[in-house]
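These notes are about the structure you will find just below.
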Amino acid sequence: MLKDITIGQYFPGNSPLHRMDSRMKLVLTIVFIVMLFVAKNKFSLFVGIVFTLITYLISNIPFKMILKSLKPILPIIIFTSVLNLFFIRTGEILWQWKFLKITEDGFNLAVFMTVRIVCLIIGSSLLTYTTSPIDLTDGIERLLSPLKKIKVPVHELAMMMTIALRFIPTLIEETDKIMAAQKARGADMETGSLIKRAKALVPILIPLFVSSFRRAEELALAMECRCYHGGEGRTRMKQLKLHLVDFCAVIYFAVFFAGIIIVNTLT
Amino acid sequence: MAVIKTEDLTYVYGEDTPFRKVAVDNVNLSIDEGEFIGVIGHTGSGKSTLIQHFNGLLKPSSGRIFIDGEQLWEDKARLREIRFKVGLVFQYPEYQLFEETCYKDIAFGPRNMGLSEEEIDRRVRETARLVGIDDTMLDKSPFELSGGQKRRVAIAGVMAMEPKVLILDEPASGLDPKGRAQILGLIREYHREKKNTVMLVSHSMEDVAKHCSKILVMNKAKVSMYDTPVNVFHRADELTAMGLSVPQVTKVFNRLKAQGCDIPEDVYTVGFGSELIMKILSQHKGADL
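These protein sequence lines are chains A and B, in that order. Under the working numbering, the first sequence has 158 at position 158, and the numbering climbs by one with no breaks. Under the working numbering, the second sequence has 45 at position 45, and the numbering climbs by one with no breaks.
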């Protein structure tokens with residue numbers, strides 16, 4: 001039951017997107033977001049849509065997964081488009097009922113924003129679909145490493161993220177086990193008032209905390225036994241290196257970014 | 001009457017995914033009241049999945065389960081009631097302790113059953129005595145106890161519910177020999193005192209041979225044997241083929257028999273084995289004189 005939750009939605013594959021350097025993917029995702037916001041009319045946004053579509057096709061990710069990533073933001077999309085639809089009062093009136101009215105401008109903006117948000121989500125979820133969480137934290141660590149100069153503990157933060165990600169499945173499994181054990185002792189978690197249900201969590205949370213502390217201590221000990229002493233002078237098993245595919249990606253992005261700017265100025 | 005009965009019980013993990021795995025395959029079992037059953041099978045043979053069905057933690061993909069004549073899952077509201085009839089002790093049960101004192105932790109199950117305070121008190125004290133936890137320890141935090149003591153408190157927590165069937169999943173794993181003997185001894189004591197059905201999942205053939213009246217062998221999601229220890233260990237070759245084995249003493253005696261000694265085949269405890277050797281030796285002595 002709890003196993004159904006996927007955290008870090010990595011979908012293994014061997015597309016060019018999968019093979020790209022995680023740092024490059026992070027940077028280009030930011031470029032992509034900027035690109036979508038630079039597009040200021042429907043023609044340039046159309047270029048953005050084409051771009052998103054092509055990138056999606058390259059990634060080889062099943063369409064079902066994309067839909068899944070859109071589901072959680074559906075309320076936001078509906079909310080913003082309703083706001084845009086009813087509160088923009090300029091332009092020709094399309095529909096009116098008492099004080100509610102929908103104008104052409106409002107309608108256009110609502111569609112425009114919706115398309116933009118959907119593209120945004122699809123594009124940025126491609127990042128998490130094609131990059132394993134470990135690669136992602138590695139990339140973040142490397143990208144943020146200049147901040148070490150101003151005493152930001154970048155390596156430690158990245159290590160924390162990696163360990164947290166590593167332990168999520170373990171903790172889920174543990175929670176499942178403890179829940180089963182307490183249920184076997186007659187713990188009732190499904191019925192009763194909210195307060196009663198919150199109280200029913202105590203027999204699960206306490207053992208979970210206890211075992212988490214135990215695990216943390218064991219892991220710290222194991223790391224110390226292997227002479228872990230922080231980021232200084234640490235080498236990596238997986239060296240991040242830019243390849244041909246990364247440079248191709250830069251060119252691909254540059255072409256479309258230029259395209260959007262040109263369409264922007266032409267129309 | 002059979003206290004646990006299954007009809008074509010099947011359970012599939014991850015149905016409709018690439019990871020689909022049949023964990024329990026068409027199991028038909030009938031377990032009589034008062035038995036002490038040892039459940040053996042190699043890792044991943046479906047033992048744990050099977051026992052989780054007996055108190056309704058898992059819902060069978062198909063097939064039916066009857067506990068004490070009543071069908072599980074027929075009426076979901078009754079599920080919790082039926083669950084109290086089958087007590088399940090998981091592996092490493094000490095990790096589920098959570099209360100401030102051992103007393104409260106043992107009382108958790110009985111309290112969930114909605115018993116009166118006096119009844120709860122009686123059950124807690126009785127099971128604590130049974131598992132060898134004295135009164136001073138009852139007021140301590142379970143986190144102050146040693147590993148073996150924690151385990152006994154956790155087992156007492158399930159025993160205090162006085163289930164008709166007590167199922168224990170490897171209750172002695174990770175303990176030293178003394179702790180093992182203690183735990184298995186108290187389970188045996190419990191069985192003798194309460195006359196309830198006990199199911200013991202174990203990897204140790206010696207333990208199973210020593211304590212159980214019947215042995216259930218799981219292999220590849222199926223029940224491949226359910227018989228008395230004599231009959232099960234008689235099929236040593238089949239057990240070995242499943243990645244299991246027979247008690248070491250049985251191996252010794254089988255080898256002796258293969259070399260032509262005139263001994264019975266049902267030697268599976270050290271006690272009986274040594275008795276037998278003494279008997280044969282004394283006979284030989286008699287012959288020599």
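Every residue, glycine too, gets a C-beta built ideally from N, C-alpha and C.
I need the boundaries of the beta strand (DSSP E) containing residue i, first residue and last residue.
i	result
Y56 (chain A)	No beta strand (DSSP E) contains Y56 (chain A), which is instead part of the alpha helix (DSSP H) from 42-59.
K5 (chain B)	2-13
G186 (chain A)	First-last for G186 (chain A): undefined, no H or E at that position.
S62 (chain B)	62-67
L115 (chain B)	Per DSSP, L115 (chain B) belongs to no beta strand (DSSP E) and is neither H nor E.
F32 (chain A)	From DSSP, F32 (chain A) is part of no beta strand (DSSP E) but of the alpha helix (DSSP H) over 22-38.
F213 (chain A)	That residue, F213 (chain A), is in no beta strand (DSSP E); its alpha helix (DSSP H) goes 202-225.
I40 (chain B)	36-40
L70 (chain A)	Per DSSP, L70 (chain A) belongs to no beta strand (DSSP E); it is in the alpha helix (DSSP H), 63-70.
Over the uninterrupted alpha helix (DSSP H) stretch that includes residue i, give me the two end residues.
i	result
G129 (chain A)	Before going on, a small fix: residue 129 (chain A) reads as Tyr here, not Gly. Start and end: 104-130.
T49 (chain B)	47-54
S30 (chain B)	Where S30 (chain B) is concerned, there is no enclosing alpha helix (DSSP H), although the beta strand (DSSP E) it sits in stretches over 21-32.
G259 (chain A)	244-266
D16 (chain B)	Segment: none, D16 (chain B) is in no alpha helix (DSSP H) and carries neither H nor E.
V152 (chain A)	Careful: V152 (chain A) lies outside any alpha helix (DSSP H) and carries neither H nor E.
L57 (chain B)	Looking at the DSSP string, L57 (chain B) is not in any alpha helix (DSSP H), and its letter there is neither H nor E.
I155 (chain B)	147-159
P163 (chain B)	Taken as a continuous stretch (DSSP letters only), P163 (chain B) belongs to no alpha helix (DSSP H), as it is neither H nor E.
P16 (chain A)	16-19
Taking 7 Å as the threshold (C-beta atoms), are residue j and residue i in contact?
i	j	result
G147 (chain B)	D105 (chain B)	no
P203 (chain A)	F98 (chain B)	yes
V12 (chain B)	E33 (chain B)	no
A107 (chain B)	V86 (chain B)	no
I121 (chain A)	L70 (chain A)	yes
V250 (chain A)	M20 (chain A)	no
T130 (chain A)	H18 (chain A)	yes
V198 (chain B)	I40 (chain B)	no
G280 (chain A)	G109 (chain B)	Past the boundaries of the shown model lies residue 280 (chain A); chain A is included only from 1 to 267, so the question cannot be answered.
I150 (chain A)	Q96 (chain B)	no
F90 (chain B)	A200 (chain A)	no
E7 (chain B)	G63 (chain B)	yes
L143 (chain A)	R236 (chain A)	no
T43 (chain B)	V24 (chain B)	no
L94 (chain A)	A110 (chain A)	no
In three-state terms, what does DSSP make of residue i?
i	result
F272 (chain B)	helix
V131 (chain B)	coil
K101 (chain A)	strand
D138 (chain A)	helix
I89 (chain A)	The amino acid at residue 89 (chain A) is misidentified as Ile; the sequence shows Arg. If DSSP states are grouped into helix, strand and coil, R89 (chain A) belongs with coil.
G231 (chain A)	coil
L88 (chain B)	strand
D75 (chain B)	coil
L2 (chain A)	The pLDDT assigned to L2 (chain A) is 47, lower than 50, so where the model puts this residue is not dependable, and the model offers no usable value.
Q96 (chain A)	strand
F98 (chain B)	coil
D139 (chain B)	coil
D176 (chain B)	coil
E119 (chain B)	helix
I7 (chain A)	Residue confidence for I7 (chain A) is low, a pLDDT of 48 falling below 50, so the modelled location carries little weight; the figure read from the coordinates is stated next. It is coil, neither helix nor strand.
L240 (chain A)	coil
E190 (chain A)	coil
E70 (chain B)	strand
Of all the options the options, which has the alpha carbon lying nearest to the alpha carbon of residue i?
i	options	result
G91 (chain A)	A:L100, A:P75, A:N108	A:N108
R215 (chain A)	A:P62, A:T265, A:F167, A:L94	A:F167
T269 (chain B)	B:C261, B:K251, B:T49	B:K251
T114 (chain A)	A:L171, A:L74, A:R89, A:M65	A:L74
H234 (chain B)	B:M113, B:F253, B:G260	B:F253
A181 (chain B)	B:V165, B:R152, B:S213	B:R152
S202 (chain B)	B:F36, B:D16, B:E7, B:F19	B:F36
G114 (chain B)	A:N14, A:L219, A:D188	A:D188
K25 (chain A)	A:W95, A:L165, A:M223, A:L127	A:L127
L57 (chain A)	A:S44, A:I78, A:G13, A:I30	A:G13
P169 (chain A)	A:S145, A:C225, A:T191, A:P133	A:P133
V27 (chain A)	A:I206, A:R234, A:I140, A:Y228	A:I140
E173 (chain A)	A:L240, A:K238, A:S212	A:S212
K220 (chain B)	B:K5, B:K21, B:D16	B:K21
Q248 (chain B)	B:V267, B:G38, B:N231	B:V267
P31 (chain A)	A:C248, A:F256, A:I78	Reading off the sequence shown, one finds Val at residue 31 (chain A), where the question assumed Pro. Ranking the options by Cα distance to V31 (chain A), first place goes to A:F256.
Discussion item. Runs of 3 residues minimum, wholly inside the segment 194-269 of chain B: which ones carry the beta strand (DSSP E) assignment?
Written reply: Taken in chain order, the complete beta strand (DSSP E) segments of 3 residues or longer contained in the segment 194-269 of chain B are 197-201, 214-219, 222-227.
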